[in-house]
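2 protein chains.
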Amino acid sequence: MPYRRTARPGALQATPAHPIHAYWGWTSSCSSAPYSEEMDGLARFDDEFRRKFRELLIWRRDVRRFLRTPLPPGLLDELLGLSSLAPSVGLSEPWRYIRVETPAVRERITAEFERANAAALSGLTGDRAALYARLKLAGLREAPVHLAVFTDHGTAKGHGLGRQSMPETLDYSVVTAIHTLWLAARTVGVGLGWVSILDPAQVSCILDVPGNWSFTAYLCMGYPEEEMDFPELERAGWERRTGVEQSILTR
Amino acid sequence: MPYRRTARPGALQATPAHPIHAYWGWTSSCSSAPYSEEMDGLARFDDEFRRKFRELLIWRRDVRRFLRTPLPPGLLDELLGLSSLAPSVGLSEPWRYIRVETPAVRERITAEFERANAAALSGLTGDRAALYARLKLAGLREAPVHLAVFTDHGTAKGHGLGRQSMPETLDYSVVTAIHTLWLAARTVGVGLGWVSILDPAQVSCILDVPGNWSFTAYLCMGYPEEEMDFPELERAGWERRTGVEQSILTR
Numbered sequence: 001m002p003y004r005r006t007a008r009p010g011a012l013q014a015t016p017a018h019p020i021h022a023y024w025g026w027t028s029s030c031s032s033a034p035y036s037e038e039m040d041g042l043a044r045f046d047d048e049f050r051r052k053f054r055e056l057l058i059w060r061r062d063v064r065r066f067l068r069t070p071l072p073p074g075l076l077d078e079l080l081g082l083s084s085l086a087p088s089v090g091l092s093e094p095w096r097y098i099r100v101e102t103p104a105v106r107e108r109i110t111a112e113f114e115r116a117n118a119a120a121l122s123g124l125t126g127d128r129a130a131l132y133a134r135l136k137l138a139g140l141r142e143a144p145v146h147l148a149v150f151t152d153h154g155t156a157k158g159h160g161l162g163r164q165s166m167p168e169t170l171d172y173s174v175v176t177a178i179h180t181l182w183l184a185a186r187t188v189g190v191g192l193g194w195v196s197i198l199d200p201a202q203v204s205c206i207l208d209v210p211g212n213w214s215f216t217a218y219l220c221m222g223y224p225e226e227e228m229d230f231p232e233l234e235r236a237g238w239e240r241r242t243g244v245e246q247s248i249l250t251r
Numbered sequence: 001m002p003y004r005r006t007a008r009p010g011a012l013q014a015t016p017a018h019p020i021h022a023y024w025g026w027t028s029s030c031s032s033a034p035y036s037e038e039m040d041g042l043a044r045f046d047d048e049f050r051r052k053f054r055e056l057l058i059w060r061r062d063v064r065r066f067l068r069t070p071l072p073p074g075l076l077d078e079l080l081g082l083s084s085l086a087p088s089v090g091l092s093e094p095w096r097y098i099r100v101e102t103p104a105v106r107e108r109i110t111a112e113f114e115r116a117n118a119a120a121l122s123g124l125t126g127d128r129a130a131l132y133a134r135l136k137l138a139g140l141r142e143a144p145v146h147l148a149v150f151t152d153h154g155t156a157k158g159h160g161l162g163r164q165s166m167p168e169t170l171d172y173s174v175v176t177a178i179h180t181l182w183l184a185a186r187t188v189g190v191g192l193g194w195v196s197i198l199d200p201a202q203v204s205c206i207l208d209v210p211g212n213w214s215f216t217a218y219l220c221m222g223y224p225e226e227e228m229d230f231p232e233l234e235r236a237g238w239e240r241r242t243g244v245e246q247s248i249l250t251r
C-alpha cells in the first residue's frame, strides 16, 4: 500500500548555515528550523539503529553521582535545542528553563532539598527508614549543571488547542521535553538526575519566576561517576522492576 | 579521568531465552530482565547513532491520519515492553494500559471525543474557530490500535520515594513511558497520536477502571498515511515552532 511521504519543501536543498557540530552533525543554531538533512528528505531506521536505540533506553539512568567535570561549551544549548523537538499540546512549547549558576542560589535549592528529604524520611519507620537514609537521592553538590524546568501556564501559544478538558497536558508536554533532553544527553555520555524531593512553591520563590509558571522538575546534569544498565534504586534494594504484562488490560 | 563502569553481573553471559525478534534483536519476552546485550556489557553511541537519533526526534509526529492496516501480531507488546524502560519516580512503574478493542467501547470513546471537541470549538470565534473546525485532531475511526493509558495512584510500588512533595511525578512517570512508546513505535514506522480532547471522568467511566487510576492519555496507533518532518499543526497554519533560546533564563 503506497504511503504519501512528505518532506518539508526545501529540505533537499538545505545547506547548513553554521559549521556542522561535532556530535550530531547538525547546524548548531537552535533557531534555524531543525528539519531533516536526509538526502531524500525521508528518515529511515534500520535494525542496527533500533538495537542501539534500545541500548539507549537501557543505559539511561537517573544519575545522582556526578564528576565535577564541566560540560564542553555550547553542549547544553545543543541538548536544549534537541529537547525542543519534543511534542507539545497544540504546539504550545510551554517549556521554560532556568540555568541555576549562582552559588548562593544553588545553595538555597540544596538546603531546600535537604529539608524536604528529611521530611520524607520522617514519614518512614524501621528498616525502610534505615534504607532510605542510606540512599543518595541527588547530586546537587557535584553536578556542574543545575537546570530548573517550569511549565508556562500563561502562554498563549497553541491557542489552547487540546488542553481545554485536560490542562495538565501542558505540564505533560514539558515532561516529554525533559525526557528528550535525558536521552539526548545520554547519547553523548552526559547523565541527568531528576530531583523531585522539593517543594514547588519554595523553588518558585527561590528562583523568582513569573506567577503563571508551574515548577515541573529540577535537573542535575554532568558526567556520571559510573555507567549502569539497571536502576540505582534496584541495586540499593529499594524496589525492583517488574514486567509490563501485568499492567495491560483489555476492554 | 577514569570512570567506574558497571554492567549488571551476568550481562556478559546472558543468552536469549527466546528467539531474537526481527526488529530490535532482543528477546521477545517482556518479563525477562531487559538488560544490555552489548558484548562488553557497556553501551557506546557514535556520531552515526546520534545523527539518526536526531532524525527520529524530527520525524516523530502526532499522527491523526492512519491506514487501517493492522500491526503485526506481537508488535504492540514488544513496544510496551520497551516503554517500560522509561524512568519512574521511586521505580514505581505506575503505568497502566488498556487495549480498547470492543467496537462498542471504541464508539463510546469516539462519541465522547466528538462531544469534547465541539465544546472546545464553541469557545472560539471568527477565523480561529473556522480554522479549528477544519483541523483533523484524532484518528479514532481509522487507527487499528486504541490504547488508553492511566496512572495508578494507589500503587505501593516505589514506597512513595520521590513523590511526597510532588505527587504529580507519578503522572509524569507515565508520560515518559508514553514518550518512549512513541519514539520506539516510530523506529518501526508506526505512528502514534495522543488524543487529549476528552473528559478524564467520562473516559474512566466508559473503561470501568479502578478508582485510584487517573486518566493520562488516549493513544491511537497504526501506520501513518504519510510521513512528515514538521508538525501537522504547522502545516495547517495553527501555530509555528519557535526557538528554545527565548525560553532559557539564568539565575
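Keeping their order, the protein sequence lines are chains D and W. Mapping of the first sequence onto our numbering: residues 1 to 251, in sequence order. Mapping of the second sequence onto our numbering: residues 1 to 251, in sequence order. The C-beta atom is built at its ideal place from N, Cα and C for all residues, glycine as well.
Rounded C-alpha distance that separates residue i from residue j
{"i": "D62(D)", "j": "L233(D)", "result": "9 Å"}
{"i": "L207(W)", "j": "I109(W)", "result": "9 Å"}
{"i": "L121(D)", "j": "Y132(D)", "result": "7 Å"}
{"i": "L76(D)", "j": "K136(W)", "result": "36 Å"}
{"i": "H153(D)", "j": "L170(D)", "result": "7 Å"}
{"i": "C205(W)", "j": "R64(D)", "result": "40 Å"}
{"i": "E245(W)", "j": "L57(W)", "result": "19 Å"}
{"i": "G276(D)", "j": "G243(W)", "result": "Summary: the structure shown does not reach residue 276(D), with chain D confined to residues 1 through 251, and so no result is reported for it."}
{"i": "V174(D)", "j": "T216(D)", "result": "8 Å"}
{"i": "A148(W)", "j": "R96(W)", "result": "8 Å"}
{"i": "G126(D)", "j": "R115(D)", "result": "20 Å"}
{"i": "S31(W)", "j": "I197(D)", "result": "Low local confidence applies: a pLDDT of 37 at S31(W) is under 50, so the model's placement there is unreliable, and no value is given."}
{"i": "E142(W)", "j": "A156(D)", "result": "32 Å"}
{"i": "L55(D)", "j": "V190(W)", "result": "At residue 55(D) the sequence reads Glu, which differs from the Leu that was named. Their backbone Cα atoms lie some 20 Å apart in a straight line."}
{"i": "D47(D)", "j": "F49(W)", "result": "12 Å"}
{"i": "V195(D)", "j": "P224(W)", "result": "37 Å"}
Chain W within 8 Å of residue i, Cβ atoms only
{"i": "F66(D)", "result": "no"}
{"i": "M221(D)", "result": "no"}
{"i": "P87(D)", "result": "yes"}
{"i": "A111(D)", "result": "no"}
{"i": "L71(D)", "result": "no"}
{"i": "A43(D)", "result": "yes"}
Contact with chain D by residue i, beta-carbon distance below 8 Å
{"i": "S196(W)", "result": "yes"}
{"i": "P231(W)", "result": "yes"}
{"i": "V105(W)", "result": "yes"}
{"i": "D127(W)", "result": "no"}
{"i": "T27(W)", "result": "At T27(W) the pLDDT is 39, less than 50, meaning the model places this residue with poor confidence and gives no usable figure here."}
{"i": "E142(W)", "result": "no"}
{"i": "W59(W)", "result": "yes"}
{"i": "L80(W)", "result": "yes"}
{"i": "L207(W)", "result": "yes"}
{"i": "G191(W)", "result": "no"}
{"i": "E114(W)", "result": "no"}
{"i": "G74(W)", "result": "no"}
{"i": "G158(W)", "result": "yes"}
Selected residue, minimal CA-CA separation from residue i, among the options
{"i": "F150(D)", "options": "R68(D), R50(D), T102(D), W213(D)", "result": "W213(D)"}
{"i": "S165(D)", "options": "A148(W), Q202(W), R241(W)", "result": "Q202(W)"}
{"i": "R128(D)", "options": "H146(D), E239(D), G243(D), Q246(D)", "result": "E239(D)"}
{"i": "A184(D)", "options": "E48(D), S83(D), F49(D)", "result": "S83(D)"}
{"i": "M257(D)", "options": "V244(D), A217(D), R60(D), R54(D)", "result": "Shown here, chain D extends from 1 to 251; a query on residue 257(D) therefore has no answer."}
{"i": "L140(W)", "options": "E101(W), G74(W), D46(W), T242(W)", "result": "E101(W)"}
{"i": "A177(W)", "options": "S92(W), H146(W), R64(W), A43(W)", "result": "S92(W)"}
{"i": "P87(D)", "options": "P231(W), F49(W), G81(W)", "result": "P231(W)"}
{"i": "S247(D)", "options": "A138(W), E114(W), P94(W)", "result": "P94(W)"}
{"i": "H146(W)", "options": "S173(W), E226(W), A104(W), R134(W)", "result": "A104(W)"}
{"i": "G160(W)", "options": "R106(D), E48(D), E107(D), L124(D)", "result": "L124(D)"}
{"i": "F66(W)", "options": "K52(W), E107(W), R106(W), P144(W)", "result": "P144(W)"}
N-terminal and C-terminal residue of the alpha helix (DSSP H) that residue i is part of
{"i": "L124(D)", "result": "Where L124(D) is concerned, there is no enclosing alpha helix (DSSP H), given that its DSSP letter is neither H nor E."}
{"i": "S83(D)", "result": "75-83"}
{"i": "D171(D)", "result": "169-187"}
{"i": "S204(W)", "result": "200-207"}
{"i": "L57(D)", "result": "47-59"}
{"i": "L233(D)", "result": "232-235"}
Interface residues of chain D facing residue i [CB-CB closer than 9 Å]
{"i": "E93(W)", "result": "E239, R241, T242, V244, S247"}
Contact list for residue i against chain W, beta-carbon separation under 8 Å
{"i": "R134(D)", "result": "Neighbours of R134(D) on chain W: none; closest Cβ ~13 Å, over 8 Å."}
{"i": "D199(D)", "result": "S165"}
Within chain D, partners of residue i - CB distance below 7 Å
{"i": "H153(W)", "result": "Under the 7 Å cutoff, chain D gives no residues; its nearest Cβ is about 13 Å from H153(W)."}
For residue i, the first and last residue of its enclosing beta strand (DSSP E)
{"i": "R254(D)", "result": "Absent from the model: residue 254(D). The displayed extent of chain D is 1 to 251, so no value can be given."}
{"i": "H146(W)", "result": "145-152"}
{"i": "R96(W)", "result": "95-99"}
{"i": "Y218(D)", "result": "213-222"}
{"i": "W238(D)", "result": "Segment: none, W238(D) is in no beta strand (DSSP E) and carries neither H nor E."}
Residues that residue i contacts on chain W, provided the C-beta gap is smaller than 9 Å
{"i": "A185(D)", "result": "In chain order: nothing, as chain W lies at least about 11 Å away."}
Residues that residue i contacts on chain D, provided the C-beta gap is smaller than 8 Å
{"i": "A118(W)", "result": "Those do not exist, as A118(W) stays about 11 Å from chain D at its closest Cβ, beyond 8 Å."}
{"i": "V145(W)", "result": "The contacting residues do not exist; V145(W) stays about 12 Å from chain D at best."}
Under 7 Å by beta carbon: chain W residues contacting residue i
{"i": "V100(D)", "result": "R251"}
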